[in-house]
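Colleague: Shown below is the structure under consideration.
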Amino acid sequence: MIRDVMEYSGIAAKIRAMRAKLLKEEDYRKIASMHTVMEVIYYLKETKSYGRMISQMDESLYHRGNIEKILIQSLYDDYTRLYRFGSIHQKKFLKIFMKRYEVDLIRYCLRIVFNHYNAPFDLNYKKAFFNKYSDIRIDQLIRSENIDDLVDHLKDTEYYAPLAKIRESGASTLFDYDLALDLYYFSMLWKIRKKKWKKVDNEVLTKELGTQIDLLNLQWIYRSKKYYHMLPPDIYTLLIPIQYRIRREEFKNLVEAPSLEEFFKVLNQSFYGQKYQFDEQHNVEKVVRRYLKHILTTAYQNHPYSLASVYSYLYMKEGEIYRITTALECIRYGLSEKEILGYILQDSKYQGGSA
2 MIRDVMEYSG
12 IAAKIRAMRA
22 KLLKEEDYRK
32 IASMHTVMEV
42 IYYLKETKSY
52 GRMISQMDES
62 LYHRGNIEKI
72 LIQSLYDDYT
82 RLYRFGSIHQ
92 KKFLKIFMKR
102 YEVDLIRYCL
112 RIVFNHYNAP
122 FDLNYKKAFF
132 NKYSDIRIDQ
142 LIRSENIDDL
152 VDHLKDTEYY
162 APLAKIRESG
172 ASTLFDYDLA
182 LDLYYFSMLW
192 KIRKKKWKKV
202 DNEVLTKELG
212 TQIDLLNLQW
222 IYRSKKYYHM
232 LPPDIYTLLI
242 PIQYRIRREE
252 FKNLVEAPSL
262 EEFFKVLNQS
272 FYGQKYQFDE
282 QHNVEKVVRR
292 YLKHILTTAY
302 QNHPYSLASV
312 YSYLYMKEGE
322 IYRITTALEC
332 IRYGLSEKEI
342 LGYILQDSKY
352 QGGSA
């Protein structure tokens, strides 16, 4: 314990200072009461997290698209700060966490290619960050005119093999490539988490990642049955071949349930069903973000001098960006204050027990 405190004392102090700058519930309530995107931008300009970056912009550039770039740059800036303060052990974890952002970038570029967008997409604001921490080169990806170009531009990265395999199979949809990325990403992380981490760090990584895989699989089974009416053999091809808290027999029964009613019956007898009573109103899709937040918050409270401190902070920062962008979108479409709060504060309603 003393060794952990010594190793994490520097980065833990940095994280405490960064957590203090995160928006509070009061901030979200004020944002939800605003009527224009410009009001939100001027409000964020007064915050410690975003004020400096917004102040450096010309006011003529104050619009939703540019502010969303500022939010992402703030996340990258926080990552960079943590990396600078990190020990060799902590930097090793952050390099693995970086893969999360790489997959998001590839997914975004896949959409550009498949949707045949003609307008140039500005990803320059991400270039400095990716050039420093990633083998992916944005300049190459944005020159891709088709899926062959995109896959070939990833040739020197770990993502080439799984995407090239899909290309060679003759599969040709965006869904096929998205699924290949997910299957590779989560399977790879599941193997990495078995490496020589400290006991506490291994427990945190296993619990968060295992839960995320379980919930994503449950989400896919639910969506496959509700929206696509898929047969069990087809559903199995969509799923990550890993189970954490779900027993094999339960997993099989969930996939092969003949109806949504039977699906929820099996689900409510599982580990996750004992924490929630799932139904159409309280379905898997609504639980994922809340439960993962709970796991990481609890892990940080119990083990502040561990990787949980780094992991939970970055997760909270991503959650903050998600809420701000959601609020901006809601305001743009003229939703009421109550409706906006329903979207951006739904996580705070979670009062679950221990994981």
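Residue numbers (the working numbering): 2 to 356. All C-beta atoms, glycine included, are put in the ideal place defined by N, C-alpha and C. Remember, predicted model here, so these are calculated numbers, not experimental data.
(1) Just to confirm, is the Cβ distance from S307 to V201 under 8 Å?
(2) Using the beta-carbon count (16 or more within 10 Å), is F98 buried or exposed?
(3) Whole angstroms are fine: how far does the CA of E204 sit from the CA of V6?
(4) For P163, which residues of its own chain have a beta-carbon under 8 Å away from its beta-carbon, when the five flanking residues on both sides are left out?
(5) For G11 and A18, I'd like the C-alpha separation in whole angstroms.
(6) Can you have a look at F176 and say buried or exposed, based on whether 16 or more other CB atoms are within 10 angstroms of its CB?
(7) In or out: Y334 buried (at least 16 other Cβ within 10 Å) or exposed?
(8) With three or more beta-carbon pairs closer than 8 Å as the criterion, would you say the segment 104 to 119 touches the segment 40 to 54?
(9) Taking just the CA atoms, how far does I139 sit from K127?
(10) Going by alpha carbons, who is nearest to Y316 out of L293, H154 and Y44?
(11) Could you tell me whether the segment 212 to 222 touches the segment 286 to 303, where touching means 3 or more Cβ pairs closer than 8 Å?
(12) If you follow the alpha helix (DSSP H) that E27 is in, where does it begin and where does it stop?
(13) Skipping 5 residues on each side, what residues in its chain have a beta carbon closer than 6 Å to that of I89?
(14) If you draw a straight line from the C-alpha of R194 to the C-alpha of L210, how long is it?
(15) Quick one, are the C-beta atoms of I214 and F187 less than 8 Å apart?
(16) Could you tell me whether the segment 225 to 240 touches the segment 322 to 341, where touching means 3 or more Cβ pairs closer than 8 Å?
(17) Run through DSSP, which three-state label would F252 get?
(18) Under a three-way DSSP split, which group does P233 fall into?
(19) By the DSSP assignment, the alpha helix (DSSP H) with L308 in it spans what residues?
(20) CA-CA distance, D150 and T174?
(21) Tell me which residue opens and which closes the alpha helix (DSSP H) that H36 is part of.
(22) Report the CB separation of S313 from Y301 in whole angstroms; it is logged as a contact under 8 Å.
(23) Under DSSP, the alpha helix (DSSP H) around G343 begins and ends at which residues?
(24) So, for Y63: in the same chain, excluding its five sequence neighbours on each side, which residues have a beta-carbon less than 6 Å away from its beta-carbon?
(25) Determine the burial state of H283: buried for a count of at least 16 other Cβ atoms within 10 Å of its Cβ, exposed for fewer.
(26) Go through its chain and collect everything with a Cβ distance to L24's Cβ below 6 Å, but skip five positions before and after it.
(27) Rounding to the nearest angstrom, what Cα-Cα distance links K276 and H295 in this structure?
(28) Could you tell me if G66 is buried or exposed, where buried requires 16 or more neighbouring beta carbons within 10 angstroms of its beta carbon?
(29) So, P233 versus E257, is the Cβ gap smaller than 8 Å?
(30) Looking at the structure shown, is Y351 part of a helix, part of a strand, or coil, going by DSSP?
(31) Looking only at C-alpha atoms, which of N147, F94, T326 and K96 sits nearest to H117?
(32) I think Y29 touches L346, with their Cβ atoms under 8 Å apart; what is that distance to the nearest whole Å?
(33) Give me, in chain order, the residues of the same chain whose beta-carbon lies closer than 8 Å to that of R20; leave out the 5 immediate sequence neighbours on both sides.
Modeller: Quick look at the numbers:
(1) As a first step, residue 307 must be located in the sequence shown, where it is residue number 306. As a first step, residue 201 must be located in the sequence shown, where it is residue number 200. Taking the C-beta atoms as reference points, V201 is found nearer than 8 Å to S307.
(2) As a first step, residue 98 must be located in the sequence shown, where it is residue number 97. It counts as buried.
(3) As a working mapping, residue 6 is identified with position 5 in the sequence shown. As a working mapping, residue 204 is identified with position 203 in the sequence shown. Approximately 18 Å between the Cα atoms of the pair.
(4) As a first step, residue 163 is located in the sequence shown; it is residue number 162 there, counting from the start. Same-chain partners within the cutoff: A181, L182, L184 and Y185.
(5) Here residue 11 refers to the residue found at position 10 of the sequence shown. Here residue 18 refers to the residue found at position 17 of the sequence shown. Taking the straight line from one Cα to the other gives about 11 Å.
(6) Translated into the one-based positions of the sequence shown, residue 176 becomes position 175. Counting Cβ neighbours within 10 Å, F176 comes out exposed, since fewer than 16 surround it.
(7) One-based indexing of the sequence shown puts residue 334 at position 333. By the neighbour-count rule (16 or more Cβ atoms within 10 Å), Y334 is not buried but exposed.
(8) Put simply, the segment 104 to 119 does not touch the segment 40 to 54. Fewer than three CB pairs are less than 8 Å apart.
(9) The sequence position of residue 127 within the sequence shown is 126, counting from 1. The sequence position of residue 139 within the sequence shown is 138, counting from 1. Going from the Cα of K127 to the Cα of I139 covers about 8 Å.
(10) The residue you call residue 316 lines up with position 315 of the sequence shown. Closest option to Y316, Cα to Cα, is L293.
(11) Taking a cut-off of 8 Å on C-beta distances, the segment 212 to 222 touches the segment 286 to 303, as three or more cross pairs fall below it.
(12) Here residue 27 corresponds to residue number 26 of the sequence shown, with the count starting at 1. E26 to A33 is the span of the alpha helix (DSSP H), which, as asked, contains E27.
(13) By one-based count along the sequence shown, residue 89 stands at place 88. Result list for I89: empty, nothing under 6 Å.
(14) Your numbering for residue 194 matches position 193 in the sequence shown. Your numbering for residue 210 matches position 209 in the sequence shown. Distance between the alpha carbons of R194 and L210 is about 9 Å.
(15) By one-based count along the sequence shown, residue 214 stands at place 213. By one-based count along the sequence shown, residue 187 stands at place 186. Taking 8 Å as the Cβ cut-off, I214 and F187 qualify as a contacting pair.
(16) no
(17) On the sequence shown, residue 252 is found 251 positions in, with the first residue counted as 1. Here F252 sits in helix by DSSP.
(18) The residue you call residue 233 lines up with position 232 of the sequence shown. Looking at P233 - three-state DSSP - the assignment turns out to be helix.
(19) Here the question's residue 308 lines up with position 307 in the sequence shown. Note, L308: alpha helix (DSSP H), L308 to R333.
(20) Here residue 150 refers to the residue found at position 149 of the sequence shown. Here residue 174 refers to the residue found at position 173 of the sequence shown. Approximately 15 Å, taken between the alpha carbons.
(21) The sequence position of residue 36 within the sequence shown is 35, counting from 1. No alpha helix (DSSP H) contains H36, which DSSP labels as neither H nor E.
(22) Taking the first residue of the sequence shown as 1, we reach residue 313 at position 312. Taking the first residue of the sequence shown as 1, we reach residue 301 at position 300. The pair is a contact, with the Cβ atoms about 4 Å apart (cut-off 8 Å).
(23) To locate residue 343, count along the sequence shown from 1; it is residue 342. Its alpha helix (DSSP H) spans residues E338 to I345.
(24) By one-based count along the sequence shown, residue 63 stands at place 62. I42, listed in sequence order.
(25) Residue 283 sits at position 282 when you count from the first residue of the sequence shown. By the 10 Å Cβ count, H283 comes out exposed.
(26) Here residue 24 refers to the residue found at position 23 when the sequence shown is read from its first residue. Excluding sequence neighbours, L24 sits near E321.
(27) Locating residue 276 in the sequence shown gives position 275, where the first residue counts as 1. Locating residue 295 in the sequence shown gives position 294, where the first residue counts as 1. Roughly 12 Å separates the two Cα atoms.
(28) Position 65 of the sequence shown holds residue 66. Per the 10 Å Cβ criterion, exposed.
(29) Counted from its first residue, the sequence shown places residue 233 at position 232. Counted from its first residue, the sequence shown places residue 257 at position 256. Yes, the Cβ-Cβ distance between P233 and E257 is below 8 Å.
(30) Translated into positions along the sequence shown, residue 351 becomes position 350. Residue placement at Y351 is poorly supported in this model, since its pLDDT is 34, which falls under 50; the coordinates still yield a value, given next. Looking at Y351 - three-state DSSP - the assignment turns out to be coil, as it is neither helix nor strand.
(31) Start at 1 with the first residue of the sequence shown, and residue 117 comes out as number 116. The candidate whose alpha carbon is nearest that of H117 is N147.
(32) Sequence index remark: in the sequence shown, residue 29 carries index 28 (1-based). Sequence index remark: in the sequence shown, residue 346 carries index 345 (1-based). Their Cβ separation, rounded to whole angstroms, is 6 Å, which keeps Y29 and L346 in contact under 8 Å.
(33) Your numbering for residue 20 matches position 19 in the sequence shown. Cβ within range, chain order: Y314 and M317.
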